[in-house]
Amino acid sequence: MSVNKEDFRPVIVAFCCNWCSYAGADLAGSSRLAYPADVKIIRVPCSCRVNPMFILRAFEKGADGVILCGCHPGDCHYSTGNYYARRRMTMLFSMLDFIGVENGRTRVEWVSAAEGVKFSETMNSFVEKIRSLGPNVRLGDIRCKN
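This is the structure:
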């Protein structure tokens, strides 16, 4: 079954830290800055709390792209959480590359609570990138099919 790229609506999972990125998403919404409804936000206490298995599970359940948003380095509410997240995601991205998941399907972005515009622009550009890649068929073989 092939999907026309114009008709393709990607499923994006966004893990956002409570203190900065989630507040940035809230600011984007209250400022009426548009980003696609295809982005499903999951609020986490800190970006370092995102286990790499969460990202693999999102792909397994049908996500076409996963983005992790956290506080800027040096501004983490928990001091060094985003440094741990960055290190963990670097390792995960090399593993995803090894199993054949396209490089652009995952992304890490630092967005503060005052950057609603940046949040909106980041989500719009990420959705366009995923739309250009098309559906995630690489991990389709491990998904549960009806």
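Here the sequence shown is numbered in the numbering used here, starting from 2 and rising by one per residue. By construction, the Cβ of each residue, glycine as well, lies at the ideal position given by its N, Cα and C atoms.
| Item | Value |
| --- | --- |
| Under 8 Å between C-beta atoms of G66 and R10 | no |
| T81, buried or exposed, once every other Cβ within 10 Å from all chains shown has been counted against 16 | exposed |
| Nearest candidate by alpha-carbon position, reference F55, set F16, L34, A24 and G101 | F16 |
| Span separating the alpha-carbon of R108 from that of I68 | 5 Å |
| Residue interval of the alpha helix (DSSP H) (run including T81) | Careful: T81 lies outside any alpha helix (DSSP H) and carries neither H nor E. |
| Local conformation of G71 per DSSP, three classes | strand |
| When R50, A35 and H78 are compared against A114, the one with the closest alpha-carbon | H78 |
| Beta-carbon contacts of P136 that lie in its chain and below 8 Å, excluding the five residues immediately before and after | V4, F9, P11 and D65 |
| Straight-line Cα distance separating I42 from V14 | 6 Å |
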